[in-house]
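So for the sequence shown, this note's numbering puts the first residue at 3; every next one is plus one.
Taking it in order: structure first as structure tokens, then the write-up.
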Amino acid sequence: MWEILYGKTISYNQKLDMSKLGFLICYRDLRPAVNKEAPQCYVNLMRKCWDKNPEKRSSAKDLCEIFEKWQNDENVLLELNESKSLLENIGDSYYENMFKGGSKFINTREITE
């Protein structure tokens, strides 16, 4: 959802091996930063999807229902549209300070071994 919001791929700007990065994501809640200009309804949903506890995450069905509701909610559409304009004006330096490169596959098997 972060990549959809910002139109950029995520890769942490740190020199970590894949097992260390996987550990930080799974056990230390390492997540990409979210700009304060992002639409709160979307950010809240994205953070819910990041929850460690799978029972607290939205299912694909829930997401479809939420997105359907948003399509018919003028307030949500306005918030998303206003945020889109603000996010488009944010310079690439904001992202370059956080991330570098593209997404990488994380082998979770290495984390649990």
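All C-beta atoms in this analysis are idealised placements derived from N, C-alpha and C, irrespective of residue type, glycine included.
- Each residue's CA atom was taken as its position, placing Glu5 and Thr11 some 5 Å apart.
- Cβ atoms of Asp31 and Lys54 come within 8 Å of each other, at about 7 Å.
- Comparing C-alpha distances from Trp72 to each of Leu47, Leu23, Trp52 shows the shortest one belongs to Leu47.
- In the three-state scheme derived from DSSP, where H, G and I count as helix and E and B as strand, Trp52 is classed as coil.
- Lys38 carries a coil assignment under DSSP once its states are collapsed to helix, strand and coil.
- Residue burial is scored here from C-beta neighbours: Pro41 has at least 16 other C-beta atoms within 10 angstroms and is therefore classed as buried.
- Taking the C-beta atoms as reference points, Lys50 is found no nearer than 8 Å to Ser61.
- Remark: C-beta atoms of Tyr44 and Leu7 approach each other more closely than 8 Å.
- Per DSSP, reduced to three states, the secondary structure at Gly24 is helical.
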